[in-house]
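Everything on this sheet refers to the single structure shown next.
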Amino acid sequence: MGGSMARETGPDFIEALARGLDVVRSFRPGRRVSTLSEIAADTGLARPTVRRILLTLTELGYVRAVERGYTLTPRVLELGMAYVNSLDMWDVARPHMERLVALTGESTSMAQLDGSDIVYVARVAVPKIVTLAVSIGTRFPAAATSMGKVLLAALDPAQLEKVLAEPGRSGINARWQPERPALEAALREVRAKGWALADQDLALGIRSIAAGVRNGDGTVVAALNVTVHAAETSVDKLTGEYLPLLLHAAADISHDWSLLDTAPMVVRG
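In terms of our numbering, the numbers along the sequence shown are unbroken and rise by one, the last being 278.
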């Protein structure tokens with residue numbers, strides 16, 4: 010592992026702390042128990058130094074001495090969980106959204122349902138003039154948006170009935186205001202495909218695709234989209250080039266949210 014190789018350090022660098030972290034990182038998947046000699050070889054540290062570090066980590070509860078060597082304790086998880094527990098779900102999603110924007114050159118947003126509206130909860134935008142201004146907290150009629158279609162399609166019949174019975178509060182007069190049979194048909198298509206398209210349904214010139222994002226239980230709790238200008242980007246490009254990138258980003262966020270949901274808040278060794 011070579012953890013003790015020459016480092017680019019400043020005058021305030023604490024070498025002892027760095028060596029301790031090198032020892033912790035030397036415990037590999039598939040090698041539950043490590044000997045003092047193996048750790049010394051992996052880190053490049055002298056055996057007496059490794060021994061002192063292991064004794065310190067044992068005293069702190071991060072390492073346990075066992076037959077034939079040492080093993081990490083569950084308390085090591087606290088080191089990572091301090092970071093994970095400081096995040097909310099939107100912090101976790103943002104790097105994936107930024108990567109999606111970098112790949113497409115188009116804005117991406119996330120939304121959740123609030124009655125028969127969607128509400129924007131996260132957004133990474135590119136500087137383009139759009140027909141409708143969007144920011145965190147913006148509301149749109151769910152049925153006329155790609156994210157709304159995804160979220161509505163994820164509801165069971167009773168939930169869908171309750172949601173659609175609520176009057177919208179967006180103040181937006183959408184171009185597409187479907188009767189119930191047309192909406193049901195659109196939602197069946199979304200369930201079959203796993204994603205939704207809104208081709209100028211909300212307003213002229215706005216075209217978008219969306220996919221669901223799931224929590225640790227596998228429930229769709231938000232939707233992620235890519236929005237483009239209809240005059241600049243065809244449906245074929247949107248669904249052929251951008252859709253795979255969108256689905257990949259949605260899956261990555263779902264995976265990270267699953268880890269966030271199952272992460273222990275407090276771990277004791």
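No residue lacks a Cβ here, since even glycine has one placed at the ideal position from N, Cα and C.
Presumed contact (8 Å Cβ cut-off) between residue i and residue j, rounded CB distance
i	j	result
residue 212	residue 160	Actually they do not touch by this definition, with Cβ atoms about 19 Å apart.
residue 254	residue 109	6 Å
residue 214	residue 239	5 Å
residue 119	residue 131	4 Å
residue 195	residue 153	That pair is no contact at about 10 Å.
residue 52	residue 31	5 Å
residue 106	residue 258	7 Å
As assigned by DSSP and simplified to three states, the class of residue i
i	result
residue 116	strand
residue 222	strand
residue 150	strand
residue 141	coil
residue 19	coil
residue 103	helix
residue 267	helix
residue 135	coil
residue 256	helix
residue 248	helix
residue 86	helix
Sequence-distant residues of the same chain with beta carbon closer than 7 Å to residue i, five excluded per side
i	result
residue 155	205, 206, 207, 217, 218, 219, 234
Distance between residue j and residue i (C-alpha atoms, nearest Å)
i	j	result
residue 54	residue 88	23 Å
residue 148	residue 42	54 Å
residue 151	residue 100	24 Å
residue 133	residue 37	37 Å
residue 113	residue 60	51 Å
residue 11	residue 25	Because residue 11 sits at a pLDDT of 48, beneath the cut-off of 50, its placement in the model cannot be relied upon, and the point is left open.
residue 72	residue 33	8 Å
residue 146	residue 245	30 Å
residue 209	residue 180	17 Å
residue 268	residue 226	11 Å
residue 242	residue 137	13 Å
residue 86	residue 69	13 Å
residue 75	residue 67	11 Å
residue 221	residue 50	47 Å
residue 40	residue 47	10 Å
N-terminal and C-terminal residue of the alpha helix (DSSP H) that residue i is part of
i	result
residue 51	45 to 52
residue 184	Residue 184 -> no alpha helix (DSSP H), and no H or E assigned at all.
residue 172	166 to 173
residue 283	Residue 283 is absent from the model: the chain starts at 10 and stops at 278.
residue 41	Counting along the chain, residue 41 falls outside any alpha helix (DSSP H), and DSSP gives it neither H nor E.
residue 33	24 to 34
Neighbourhood of residue i by C-beta, 8 Å cutoff - its chain only, sequence neighbours within 5 removed
i	result
residue 176	124, 125
residue 135	110, 114, 115, 116
residue 45	56, 59, 60, 63, 78, 79
residue 297	The displayed coordinates of the chain run from 10 to 278. Any statement about residue 297 would go beyond what the structure contains.
residue 187	152, 195
Contact set for residue i: own chain, Cβ-Cβ below 6 Å, skip 5 residues either direction
i	result
residue 157	127, 151
residue 164	none
Endpoints, the beta strand (DSSP E) within which residue i is located
i	result
residue 162	No beta strand (DSSP E) contains residue 162, which is instead part of the alpha helix (DSSP H) from 155 to 162.
residue 78	78 to 81
residue 206	205 to 208
residue 233	229 to 238
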